[in-house]
Structures are given as C-alpha cells and as structure tokens.
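Since the structure comes first, as structure tokens, the remarks are kept for the end.
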Amino acid sequence: DVKVTQSSRYLVKRTGEKVFLECVQDMDHENMFWYRQDPGLGLRLIYFSYDVKMKEKGDIPEGYSVSREKKERFSLILESASTNQTSMYLCASSLRGTPLHFGNGTRLTVT
Amino acid sequence: KQEVTQIPAALSVPEGENLVLNCSFTDSAIYNLQWFRQDPGKGLTSLLLIQSSQREQTSGRLNASLDKSSGRSTLYIAASQPGDSATYLCAAPSGNTPLVFGKGTRLSVIA
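Here the protein sequences line up with chains V and Y, keeping their order.
In terms of this note's numbering, the first sequence has 2 at position 2, counting the first letter as 1, and numbering is strictly consecutive.
In terms of this note's numbering, the second sequence has 171 at position 60, counting the first letter as 1, and numbering is strictly consecutive.
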C-alpha cells in the first residue's frame with residue numbers, strides 16, 4: 001500500500017516566519033503535488049513536480065516555493081508566512097495515469 | 112482550463128437508499144477521471160479511476176461512469192450506509208496538467 005507521510009498534522013506559526021512542510025512517499029512515484037484546501041474554494045494546486053529537481057507552478061504559487069532534491073521527498077516552503085496562508089495543506093503522489101495518493105494533511109495556522 | 116463542477120453540494124439520504132452523485136467537466140480531452148472520498152479533517156482516499164477508453168468502473172457498492180462527449184461522470188452508491196457519510200470529490204486533468212478538483216458533494220446517510 002502506498003504511503004504518503006506529511007511531517008506534521010497541526011502547525012502553528014507566526015506571521016513572517018519561514019515554514020517548511022515536508023512530504024515523503026514510499027512508492028517511487030515520479031509525480032508529487034502540493035494542494036491547499038479551503039472552505040468554499042476546494043482544492044487548489046500550489047506546485048507540482050514530475051521528477052527530481054523539477055518543479056512547476058500550479059494555480060496559486062505566490063508566496064510559496066518547493067524543493068525536490070530526492071525522488072521520495074517534496075517540500076513546500078512558505079518564505080514569509082502570512083495569515084492568508086492559514087489552510088489545510090495536502091501532499092499527493094502518483095505514477096502517470098494511476099490514482100493519486102494523498103497524505104493526511106497538515107493544518108497550518110498563521111497568527 | 113479545466114473546470115469541474117459537482118452537484119449537489121450536499122445530500123442527505125436515509126440508510127439503504129441508492130444514490131447518484133454528479134460531476135461535470137468542461138474539457139473533454141481527458142485521459143482519466145478520478146473519484147475520491149474525504150472524511151472530516153483527513154486527506155483524500157482514491158475510490159475509482161476511470162480511463163478515457165472505459166465507460167465505467169466498479170468497486171464493491173460503488174460504480175462510476177464516464178461520458179466524455181457530454182463532459183459528465185456519475186458515482187452510484189448502492190444500498191447506502193452511515194459509514195458512507197463523507198465528502199466525495201471528482202477530479203479530471205486537462206492535457207498534461209495535474210488534476211483539477213470539484214468542490215465535492217457532502218453526503219450524510221441517516222440511520
């Protein structure tokens with residue numbers, strides 16, 4: 001069974017802090033994704049990666065960056081956290097054409 | 112750009128009822144469509160993936176159909192149970208872009 005692990009379930013950070021959200025998958029998936037989920041807005045794609053060292057912007061990349069130095073790990077970085085980045089962050093991985101597998105999410109609160 | 116719509120946004124049914132959840136998408140050039148389930152505060156769990164060459168997929172009491180020409184997919188749940196209560200999301204890609212998600216249908220099955 002595919003396992004996608006997000007390092008924290010809950011995180012509280014202060015405005016202006018640099019925040020790292022980590023995601024690790026154990027199935028050698030080439031594709032990895034970061035979404036955020038907000039009430040009324042649904043899931044929105046932040047960044048994705050189709051291979052190591054590759055990254056592509058999604059629909060809402062502003063204020064975020066990513067790192068994929070190893071195939072199994074995809075990190076989301078909030079350069080300077082702001083209150084409007086309070087959200088549920090979901091990481092996912094897949095092989096092309098196969099189901100997306102999600103982690104349990106990180107609920108981030110920025111105060 | 113792909114847009115995915117799910118109607119209704121919420122649905123409440125008595126236990127044992129058969130029900131249909133609807134999903135429509137604007138760009139029919141998809142190679143697959145996926146249905147997911149999300150329990151409160153959790154990540155998404157993949158239910159069914161329908162390849163563009165298929166018309167339907169079945170898993171237990173779930174059956175998903177795909178009609179690319181009309182831009183529609185349905186998820187049929189037979190003999191609903193309280194444990195089916197969750198939010199159901201459909202998602203479709205557009206070309207080589209990652210999945211675009213609908214906002215989901217929140218299902219409540221009343222015992």
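Yeah, the Cβ is synthetic: ideal placement off N, Cα and C, and Gly gets one too.
Given the structure is predicted, the values throughout are model-derived calculations rather than measurements.
Quiz item: Are the Cβ atoms of S80 (chain V) and G16 (chain V) separated by less than 7 Å?
Solution: Within the first sequence, residue 80 (chain V) is the residue found at index 80, counting from 1. Within the first sequence, residue 16 (chain V) is the residue found at index 16, counting from 1. Their beta carbons are under 7 Å apart, which means S80 (chain V) touches G16 (chain V) by this criterion.
Quiz item: Between the region 129 to 160 of chain Y and chain V, which residues of the former have a C-beta closer than 7 Å to a C-beta of the latter?
Solution: Within the region 129 to 160 of chain Y, the residues whose Cβ lies closer than 7 Å to any Cβ of chain V are, in chain order, Y142, N143, Q145, K153, G154, L155, S157, L160.
Practice problem: Indicate whether at least one CB of chain V lies closer than 7 Å to the CB of P125 (chain Y). | Solution: The residue you call residue 125 (chain Y) lines up with position 14 of the second sequence. Interface with chain V (7 Å Cβ-Cβ cutoff): P125 (chain Y) is excluded.
Quiz item: Which term fits S75 (chain V), buried or exposed, when burial requires 16 or more other beta carbons within 10 angstroms of its beta carbon?
Solution: Position 75 of the first sequence, counting from 1, holds the residue named residue 75 (chain V). Classification for S75 (chain V): buried.
Quiz prompt | N84 (chain V) (DSSP reduced to helix, strand or coil) | solution = By 1-based counting over the first sequence, the position of residue 84 (chain V) is 84. Looking at N84 (chain V) - three-state DSSP - the assignment turns out to be helix.
Quiz item: Is there at least one Cβ from chain V nearer than 7 Å to P209 (chain Y)'s Cβ?
Solution: Counting from 1 along the second sequence, the entry for residue 209 (chain Y) is found at position 98. So yes, P209 (chain Y) belongs to the interface.
Quiz item: If we ignore side chains and look at the alpha-carbon of each, how far apart do H29 (chain V) and K71 (chain V) end up?
Solution: Within the first sequence, numbered from 1, the residue matching residue 29 (chain V) stands at position 29. Within the first sequence, numbered from 1, the residue matching residue 71 (chain V) stands at position 71. In a straight line, the C-alpha of H29 (chain V) is about 7 Å away from that of K71 (chain V).
Self-check item: Inter-residue spacing [alpha-carbon to alpha-carbon] between V24 (chain V) and I46 (chain V)
Solution: Against the first sequence, residue 24 (chain V) aligns to sequence position 24. Against the first sequence, residue 46 (chain V) aligns to sequence position 46. Spanning the two alpha carbons is a distance of roughly 17 Å.
Quiz prompt | Same chain only: Cβ atoms within 7 Å of S176 (chain Y), ignoring 5 sequence neighbours per side | solution = Residue mapping note: residue 176 (chain Y) aligns to position 65 of the second sequence, counting from 1. So the qualifying residues of the chain are R166, E167, S184, T185.
Quiz item: Smallest Cα separation from S157 (chain Y): which of Y:T198, Y:K179, Y:I141?
Solution: As a first step, residue 157 (chain Y) must be located in the second sequence, where it is residue number 46. Measuring from the Cα of S157 (chain Y), the nearest candidate turns out to be Y:T198.
Quiz prompt | Chain-ordered chain V contacts of K179 (chain Y) [CB-CB under 8 Å] | solution = Counting from 1 along the second sequence, the entry for residue 179 (chain Y) is found at position 68. The premise fails here: K179 (chain Y) is roughly 16 Å from chain V at the closest Cβ pair, so nothing lies under 8 Å.
Quiz item: Who are K115 (chain V)'s beta bridge partners in DSSP?
Solution: No answer is possible for residue 115 (chain V): it lies beyond the span of chain V, which begins at 1 and ends at 111.
Self-check item: Simplified DSSP state of D178 (chain Y), which is helix, strand or coil
Solution: Residue numbering aside, residue 178 (chain Y) sits at position 67 when the second sequence is read from its first letter. It is a strand residue.
Exercise. Could you tell me whether the Cβ atoms of F9 (chain V) and S87 (chain V) are closer together than 7 Å?
Key: If you number the first sequence from 1, residue 9 (chain V) lands on position 9. If you number the first sequence from 1, residue 87 (chain V) lands on position 87. The residue asked about is misnamed: residue 9 (chain V) is Arg in this sequence, not Phe. Taking a C-beta distance under 7 Å as the contact criterion, R9 (chain V) and S87 (chain V) do not qualify as a contact pair.
Practice problem: Rank Y:Q149, Y:E114, Y:A189, Y:S196 by C-alpha distance to the C-alpha of T137 (chain Y) and give the top, closest one. | Solution: Start at 1 with the first residue of the second sequence, and residue 137 (chain Y) comes out as number 26. The shortest Cα separation from T137 (chain Y) among Y:Q149, Y:E114, Y:A189, Y:S196 belongs to Y:E114.
Quiz item: DSSP on D26 (chain V), reduced to helix/strand/coil?
Solution: Position 26 of the first sequence, counting from 1, holds the residue named residue 26 (chain V). In the three-state DSSP reduction, D26 (chain V) falls in the coil class, being neither helix nor strand.
Quiz item: For L45 (chain V) and chain Y, any beta-carbon pair shorter than 7 Å?
Solution: Residue mapping note: residue 45 (chain V) aligns to position 45 of the first sequence, counting from 1. Using a CB distance cut-off of 7 Å, L45 (chain V) counts as an interface residue toward chain Y.
Self-check item: Member of V:N84, V:S65, V:T111 whose CA lies at the smallest distance from the CA of F114 (chain V)
Solution: Any question about residue 114 (chain V) goes unanswered here, given that chain V covers just 1 to 111.
Quiz item: Got a sec, what are the start and stop residues for the beta strand (DSSP E) R68 (chain V) sits in?
Solution: If you number the first sequence from 1, residue 68 (chain V) lands on position 68. Per DSSP, R68 (chain V) belongs to the beta strand (DSSP E) from 64 to 70.
Practice problem: Classify L144 (chain Y) as buried or exposed, calling it buried when 16 or more other Cβ atoms lie within 10 Å of its own Cβ. | Solution: Position 33 of the second sequence, counting from 1, holds the residue named residue 144 (chain Y). L144 (chain Y) comes out buried.
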